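Numbered per the working numbering, the sequence shown spans residues 633 to 950.
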Amino acid sequence: MFRLARSIVRPLQQHYYQNASRSQAFYMQRFSYHSLFINPPVHEVPELTTQRITEIFAADIGQAKEYSAEGLKLTAERREALMKLLPAADEQLPPRTMKDSFVTAIVPLKSQPEIRERYVTADGRVRIGRLLEDMDVFAVFCCFRHILNPKSVGHKNPYSVVTALVDSIYITNDMMKNSEDVRLSGHVTYAGKSSMEVCIVVDQKDDQGVYQKSFDAVFLMVARDPMNRGSARINPLVAETPEEQAFLKMGVARQQIRRGEEEENIFKKSPNEEERKIIHDRFIEKMNQTLAGATPTNSKRMKDSVLKTVLICQPQVQ
633 MFRLARSIVR PLQQHYYQNA SRSQAFYMQR FSYHSLFINP PVHEVPELTT QRITEIFAAD
693 IGQAKEYSAE GLKLTAERRE ALMKLLPAAD EQLPPRTMKD SFVTAIVPLK SQPEIRERYV
753 TADGRVRIGR LLEDMDVFAV FCCFRHILNP KSVGHKNPYS VVTALVDSIY ITNDMMKNSE
813 DVRLSGHVTY AGKSSMEVCI VVDQKDDQGV YQKSFDAVFL MVARDPMNRG SARINPLVAE
873 TPEEQAFLKM GVARQQIRRG EEEENIFKKS PNEEERKIIH DRFIEKMNQT LAGATPTNSK
933 RMKDSVLKTV LICQPQVQ
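Now the structure itself:
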């Protein structure tokens, strides 16, 4: 589902990031966005559900009526016909604001008990993997709310939106209740030529009925043409107030950090002299331990990790 998750941060890991060799300014740039600019209503329960979002996608984008060769061919022909609806120039797309893409939805664990079984772990907690799937779909939905293409009004949506990467996930509560609805809130926080950053907050009511945050996540999404052959232009993101402008600047800074890290990718740039020395020193250290017959620190022998016929028996598949 996700091509890359750069970091998953739990509360006990905050100390590491705050005391790492990188500067505090870098830490604030990378992790200061763990809240939305537009906060969800304090007590309001959204009517929109994650199941309804899936139905909206099917109606707005279209999908194969049947997964046969003929059905898939027909869907491809229809998507190909939508290519002409894509904007030919940036000027054809009106500016958008964060409130245009802001939306809240729920995973109805309480209000629709029939779907609860899909989300329950063997020990009665909520399956984090299921929520990550919902967050991924929800991020796409936020992007579709941001995109406003006058040429496609009244037609099927010509855009495809894919997940480029999950920038970070900050977990404040991984002991969520399976008997209470889970709320997702999010909006676009950065927009480039075809890429969009989406910030998502996941929360759930506590025993007093007050929403408590469980996740903060930042997704980087990319708009593609109907056939997913190339990128597609998207609306620019603009600010209406100085406060919004300051918030959007943080999104731009995060994108610059991502680009910088991409340039330093080991697949693009070979290690420098200092890095080569570190690699060599560690290699010699491990070799010395191996030759002495000892197991290297924080290591295990392959024979100690052999598993056979291991199944995770979730309630859904019992």
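Cβ coordinates follow ideal geometry from the N, Cα and C atoms, glycine included. Keep in mind that this is a model prediction, so the values were computed, not measured.
query: Identified DSSP bridge partners for Ala823; result: Met828
query: Nearest-angstrom Cα separation, counted from Phe669 out to Asn781; result: 25 Å
query: Short Cβ contact (8 Å threshold) for Val677 with Asp813; result: yes
query: Boundaries (first-last residue) of the alpha helix (DSSP H) holding Met767; result: Ile760 to His778
query: The stretch 872–884 in contact with the stretch 795–810 per 3-pair CB rule at 8 Å; result: no
query: Buried versus exposed call for His778 [16 or more other C-beta atoms within 10 Å across all chains shown]; result: buried
query: Cα-Cα separation, Thr682 to Ser826; result: 25 Å
query: Sufficient close CB pairs (3 or more, under 8 Å) joining the stretch 818–834 to the stretch 784–791; result: no
query: First and last residue of the uninterrupted beta strand (DSSP E) at Gln948; result: Neither: Gln948 is in no beta strand (DSSP E) and is coded neither H nor E.
query: Cross-strand partners of Ala849 (DSSP beta bridge); result: Ile801 and Ile832
query: Buried versus exposed call for Gly703 [16 or more other C-beta atoms within 10 Å across all chains shown]; result: exposed
query: Simplified DSSP state of Glu702, which is helix, strand or coil; result: helix
query: Secondary structure of Arg890, DSSP reduced to three states; result: helix
query: Cβ pair count under 8 Å reaching 3, the stretch 870–877 against the stretch 725–732; result: yes
query: Contacts around Asn897, its chain only, beta-carbon distance under 7 Å, and the 5 residues preceding and following it disregarded; result: none
query: Reduced DSSP secondary structure (H/G/I, E/B, other) of Lys837; result: strand
query: Per-residue burial, Gly818 [other beta carbons within 10 Å of its own, 16 or more giving buried]; result: buried
query: Cross-strand partners of Ala737 (DSSP beta bridge); result: Leu816
query: Close-in-space but distant-in-sequence residues of the same chain around Glu749 (CB under 8 Å, 5 per side omitted); result: Pro947 and Gln948
query: Endpoints, alpha helix (DSSP H) assigned at Leu923; result: Glu905 to Leu923
query: Through-space distance from Asn860 to Glu723, alpha-carbon basis; result: 23 Å
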